[in-house]
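Our numbering puts the first residue of the sequence shown at 31, with every later residue one more than the last.
Structure first, commentary second.
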Amino acid sequence: MNEINAWEYRIVSLGSWWRGPRDEDLEAALNELGAAGWEVVGFANEYSSGKVRLVAKRPLTDRTRRQRSMPR
31 MNEINAWEYR IVSLGSWWRG PRDEDLEAAL NELGAAGWEV VGFANEYSSG KVRLVAKRPL
91 TDRTRRQRSM PR
């Protein structure tokens, strides 16, 4: 029987209304996400501003699932 993969997602916004992110900032964000096990699966460029949004996912672990189910 195949196991169904469950994912968690993260959205990271970079840049500002006046200018987009510098290459160094974008590279640092990508490296930070990758080191934490996130895979960037998409991005959106806000044309009315310089902002860029990265969409990342990683497998949902039992630990993360338990943390999300606990009341704060």
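Built from N, CA and C at the ideal position, the CB exists for glycine as well.
Since this is a predicted model, take the numbers as computed values, not measurements.
Item to complete: Name the residue from 100, 42, 49 whose alpha carbon lies nearest to the alpha carbon of residue 61.
Response: 42
Between residue 40 and residue 86, how many whole angstroms is the CB-CB distance? I'm expecting something under 8 angstroms. 5 angstroms
Taking the alpha carbon of residue 66 as the reference point, which residue from 95, 89, 97 has its own alpha carbon closest?
89
Between the Cα of residue 77 and those of 46, 36, 35, 64, spot the shortest distance and give me the residue it belongs to. 46
request  = From the DSSP output, read off the bridge partner residues of residue 72.
outcome  = 85
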